[in-house]
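Residue numbers (this note's numbering): 26 to 462. A virtual CB, placed ideally from N, CA and C, is assigned to each residue, including glycine. Just so you know, these numbers come straight off a predicted model, no measurement behind them.
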């Protein structure tokens with residue numbers, strides 16, 4: 026058979042892939058990532074008609090393709106159009122549709138970035154972007170604008186700027202390493218980065234967000250675990266969206282991390298036609314719990330460009346949560362959240378179990394629909410808290426606890442100030458008052 030030059034390159038890649046002795050070598054997996062439509066078709070035997078191929082090529086110009094051979098092997102090729110792995114890994118022409126409500130940076134991470142690489146949104150914690158590279162480019166990624174951008178791979182000197190910001194911001198007690206994927210960094214870089222951050226006195230907890238156990242489980246090596254074990258407490262959150270992703274290899278990677286002493290969590294994204302089903306989600310959280318991974322968040326899909334085909338109504342997430350409450354262990358239920366556009370942070374969205382209440386009774390319903398009453402205490406005397414912790418009479422033995430300033434709704438509930446309402450900026454009614462003064 027006579028090959029064209031392009032076909033020869035693909036054929037050579039196939040020959041390399043046939044050498045399964047390297048299959049569990051994570052660097053080999055990355056070297057042989059599937060990055061073109063031609064490679065995907067050649068390896069899977071899946072064929073697209075010419076019009077769809079042209080649209081897909083246009084999609085990949087904007088949102089690149091990259092799939093590890095491992096994750097590619099999980100696709101059910103006979104029913105690929107409906108396969109959850111295929112939908113998360115392979116592009117769709119629907120990604121070229123951008124709605125007015127969608128944004129390149131829907132969470133305003135860059136606006137909340139005091140220095141390059143740092144997003145500081147919450148008072149006591151920061152997100153540290155340490156890589157733009159991922160083992161696979163997930164089609165539903167909220168940072169599609171950045172992932173795969175080889176022009177930005179932070180150097181140690183760039184990361185040092187983020188470290189200096191953390192050092193100079195004493196209220197930061199929690200640092201989340203994100204990307205891209207932090208585990209795409211070399212072992213030596215991970216070691217250096219963790220040593221620098223954990224040496225900061227006011228940093229109490231370091232977290233790592235990674236999808237490596239899902240798409241490249243062989244990256245979790247004995248050497249990596251031994252490096253991570255030096256920097257406890259270290260929390261690791263991964264990103265399984267479907268039960269089919271919990272393979273023997275991924276379970277082995279999770280076991281290595283759990284045996285290393287790291288608390289494991291999982292953050293799923295609710296995706297249309299992938300996991301928007303109570304039965305699928307229940308099976309996923311059960312499998313996660315079996316593998317010592319606590320379901321942490323279930324995210325409503327963000328308003329990133331080209332993701333409209335992945336988004337479900339919020340009501341679908343509520344329905345799924347209704348199917349979990351009462352039907353599975355409390356620790357196996359994630360918190361369903363919407364990450365607010367514009368940088369408002371994660372907002373919990375849950376079914377309503379309070380039906381009504383009066384001065385001394387609360388009327389509640391349970392997962393079965395049983396309606397019950399909880400009686401409030403008659404003898405409770407409210408204590409006015411002025412937040413003067415140094416002179417507090419409660420013997421709670423928390424003298425090392427930080428003092429807190431109330432904000433938001435908490436401020437309205439607090440007794441230490443006279444605030445009675447929170448008024449949005451540019452309120453027309455109040456502006457008229459000021460104009461008439």
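- A residue is called buried when at least 16 other Cβ atoms come within 10 angstroms of its Cβ; residue 218 meets this threshold and is buried.
- Bridge partners of residue 297 according to DSSP: none are assigned.
- Taking the C-beta atoms as reference points, residue 366 is found nearer than 9 Å to residue 133.
- Remark: C-beta atoms of residue 214 and residue 159 do not approach each other more closely than 9 Å.
- Between the alpha carbons of residue 250 and residue 318 lies a gap of roughly 17 Å.
- Per DSSP, reduced to three states, the secondary structure at residue 71 is coil, with no helix or strand assignment.
- Remark: C-beta atoms of residue 62 and residue 162 do not approach each other more closely than 9 Å.
- Non-local beta-carbon contacts of residue 292 in its own chain, meaning distances under 7 Å to residues more than five positions away in sequence, involve 262, 264, 321, 322, 324 in chain order.
- Relative to residue 233, the option among 289, 244, 184, 277 whose CA is nearest is 289.
- In the three-state reduction of the DSSP assignment, residue 143 falls in the strand class.
- Of all alpha-carbon atoms in 340, 392, 401, the one lying nearest the alpha-carbon of residue 385 is that of 401.
- If you ignore the 5 residues before and after residue 80, its C-beta comes within less than 6 Å of the C-beta of 118, all in its own chain and listed in chain order.
- Residue burial annotation: residue 92 is buried, with at least 16 other C-beta atoms found within 10 angstroms of its C-beta.
- If only uninterrupted alpha helix (DSSP H) runs of at least 4 residues are considered, those enclosed by the region 177-253 are 181-192, 212-223, 237-240, 247-253.
- Looking at the backbone, the Cα of residue 196 and that of residue 375 are separated by about 30 Å.
- Residue 350 is bridged by DSSP to 353.
- Around the beta carbon of residue 100, 16 or more other beta carbons sit within 10 angstroms, so the residue counts as buried.
- For residue 397, the closest alpha carbon among the candidates 130, 379, 406, 183 is that of 379.
- Each residue's CA atom was taken as its position, placing residue 448 and residue 146 some 21 Å apart.
- Sorting 253, 305, 304, 302 by C-alpha distance to the C-alpha of residue 283 places 253 at the top.
- Under the Cβ criterion (8 Å, minimum of three pairs), the region 304-317 does not count as touching the region 181-193.
- Bridge pairing for residue 373: 362 [DSSP].
- Ranked by Cα distance from residue 50, the first of 432, 95, 154 is 95.
- When secondary structure is reduced to three states using DSSP, residue 84 falls in the helix class.
- Of the candidates 108, 72, 332, 304, the residue whose Cα lies closest to the Cα of residue 349 is 304.
- Under a 10 Å Cβ-count criterion, residue 310 is classified as buried, with 16 or more other Cβ atoms of the shown protein chains found around its own Cβ.
- Taking one beta carbon from each stretch, the region 324-341 and the region 102-111 have fewer than 3 pairs nearer than 8 Å; the two do not touch.
- Ranked by Cα distance from residue 105, the options 86, 71, 212 are led by 71.
- Within the model, the alpha-carbon separation for residue 230 versus residue 202 is close to 11 Å.
- Put simply, the backbone Cα of residue 212 is about 50 Å away from that of residue 393.
- Residue burial is scored here from C-beta neighbours: residue 340 has fewer than 16 other C-beta atoms within 10 angstroms and is therefore classed as exposed.
- For secondary structure counted as the alpha helix (DSSP H) over 4 or more consecutive residues, the region 94-170 holds these complete runs in sequence order: 94-97, 109-114.
- Taking a 10 Å sphere around the C-beta of residue 329, we find 16 or more other C-beta atoms and assign the residue as buried.
- Per DSSP, the beta bridge partners of residue 291 are 263, 320.
- Boundaries of the alpha helix (DSSP H) around residue 434: 433-438.
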